[in-house]
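So the numbering used here is basically just the index in the sequence shown, starting at one, shifted up by 1.
Even glycine gets a Cβ: it sits at the ideal position worked out from N, Cα and C.
Keep in mind that this is a model prediction, so the values were computed, not measured.
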Amino acid sequence: MGIMDGKTVAIFGVANKRSIAWGITNALLEQGARVVLNYQNERMGEAVAKLVEELPEKPWMAPCDVTDESQIEAFFGKLKDEVGPIDGVVHSVAFAKREELGGEFHNTSWDGYALAQHVSAYSLIPLAKHAAPLMEGRNGSIVCLSYYGAEKVIQGYNVMGVAKAALEANTRYLAASLGEQQIRVNAVSAGPIKTVSAMGVSGFGDILGEVEKRAPLRRNVTQEEVGKASTFLLSDLASGVTGQTLYVDCGISILGL
Ligand code: 1JT
Numbered sequence: 002m003g004i005m006d007g008k009t010v011a012i013f014g015v016a017n018k019r020s021i022a023w024g025i026t027n028a029l030l031e032q033g034a035r036v037v038l039n040y041q042n043e044r045m046g047e048a049v050a051k052l053v054e055e056l057p058e059k060p061w062m063a064p065c066d067v068t069d070e071s072q073i074e075a076f077f078g079k080l081k082d083e084v085g086p087i088d089g090v091v092h093s094v095a096f097a098k099r100e101e102l103g104g105e106f107h108n109t110s111w112d113g114y115a116l117a118q119h120v121s122a123y124s125l126i127p128l129a130k131h132a133a134p135l136m137e138g139r140n141g142s143i144v145c146l147s148y149y150g151a152e153k154v155i156q157g158y159n160v161m162g163v164a165k166a167a168l169e170a171n172t173r174y175l176a177a178s179l180g181e182q183q184i185r186v187n188a189v190s191a192g193p194i195k196t197v198s199a200m201g202v203s204g205f206g207d208i209l210g211e212v213e214k215r216a217p218l219r220r221n222v223t224q225e226e227v228g229k230a231s232t233f234l235l236s237d238l239a240s241g242v243t244g245q246t247l248y249v250d251c252g253i254s255i256l257g258l
């Protein structure tokens, strides 16, 4: 018996076993959901195919690069034909060039800025647009992943902070425009998590250490905890919640200096 019994959720952003999207996948499965996954391209498809071997049931999977709207349209078209309607979507996708993370913000290039926005913020909009018809009459729920750098300056987070600010604003505007269809849209603002892409950023290890020392819970949050909070937002337990950013960060964001 789970809070997601009978629901199907499409999850974007599983790359490896450390992915936040993988934590969400497992939390959803634990609550009885059926999940379907995207992968960015053939190379990532092989990695994700290996990952899902450890699941009791192999989920439906299809390729979809979120920077190409024709691929988003094709993904949901194929999903509708082969699986049927859905109840939720998880957007756990972000990218910025290494040289844009760290260094001085005033050196941000237009290319780096545009790429971070396209992958990390804009993509939520076409995803919501093409997912909405599959959620018709089902009280759909969309969840995306943000970070505190969206609202306060975190040294080195730079172009991703601006992209996450746009993502949180997209969450509110989509919540307003899709509300009439009874589709909810919320963001989870996760504390820093040791993922493969985050570990490649210099200074990230120091941030994990600072949180462990100062956060109210005196530790870092886990993929499993972000998974559980996201599952709540995707479930009917959150039926009155839309347009919000929910902090799942061991409390670090409530502190002043
Ligand atoms: C991306 C990366 C998005 C790392 C991210 C992210 N959102 C949070 N992090 C962790 C992080 C946090 C801080 C930081 C660096 C990383 C990696 C590239 C893809 C998008 O500061 C330098 C504060």
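Placement of the Cβ of Y158 at a distance of less than 7 Å from at least one heavy atom of ligand 1 is found. Close CB contacts of E226 within its chain, under the 7 Å cut and outside five residues either way in sequence, are with V249 (chain order). Cα atoms of T196 and G78: separation of roughly 31 Å, rounded to the nearest angstrom.
Here the alpha carbons of W61 and V84 stand approximately 8 Å from one another. Apart from sequence neighbours up to five positions away, the residues of its chain that approach F106 with a beta-carbon distance below 6 Å are N159, ordered along the chain. With a threshold of 7 Å, the Cβ atom of I208 counts as near ligand 1, since some heavy atom of the ligand is closer than that. One alpha carbon belongs to Y149, the other to A48, and they sit about 30 Å apart.
Closest option to S198, judged by alpha-carbon separation, among V15, N140 and L238: V15. Shortest Cα-Cα distance from K18 to any of R139, C251, T223 and F233 involves T223. Within its own chain, the residues whose Cβ lies closer than 6 Å to the Cβ of A166, once the five positions on either side in sequence are excluded, are A151, listed in chain order. The C-beta separation of L80 from A63 comes to about 7 Å, placing the pair in contact by the 8 Å criterion. Collapsing the DSSP output to three states places A34 in coil. Going by DSSP, P127 is part of the alpha helix (DSSP H) stretching over L125 to A132. Just measuring C-alpha positions, the residue of K153, A164, L38 and Y114 sitting nearest G257 is K153. Taking 8 Å as the cut-off, the Cβ atoms of N187 and T232 do not count as close. Taking 7 Å as the cut-off, one finds no heavy atom of ligand 1 near enough to the beta carbon of F106.
Classified as exposed, K98 has fewer than 16 neighbouring CB atoms from the shown chains inside 10 Å of its CB. Cβ contact annotation for N171 (same chain, cutoff 7 Å, sequence separation greater than five): A122, L125 and I126, in chain order.
Setting aside the 5 residues that flank it on each side, Q32 is surrounded in the same chain by G3, I4, M5 and T232, each with a C-beta closer than 6 Å to its C-beta; the list follows chain order. Secondary structure of S142 (DSSP, three-state): strand. Spanning the alpha carbons of P217 and G252 requires a straight line of approximately 5 Å.
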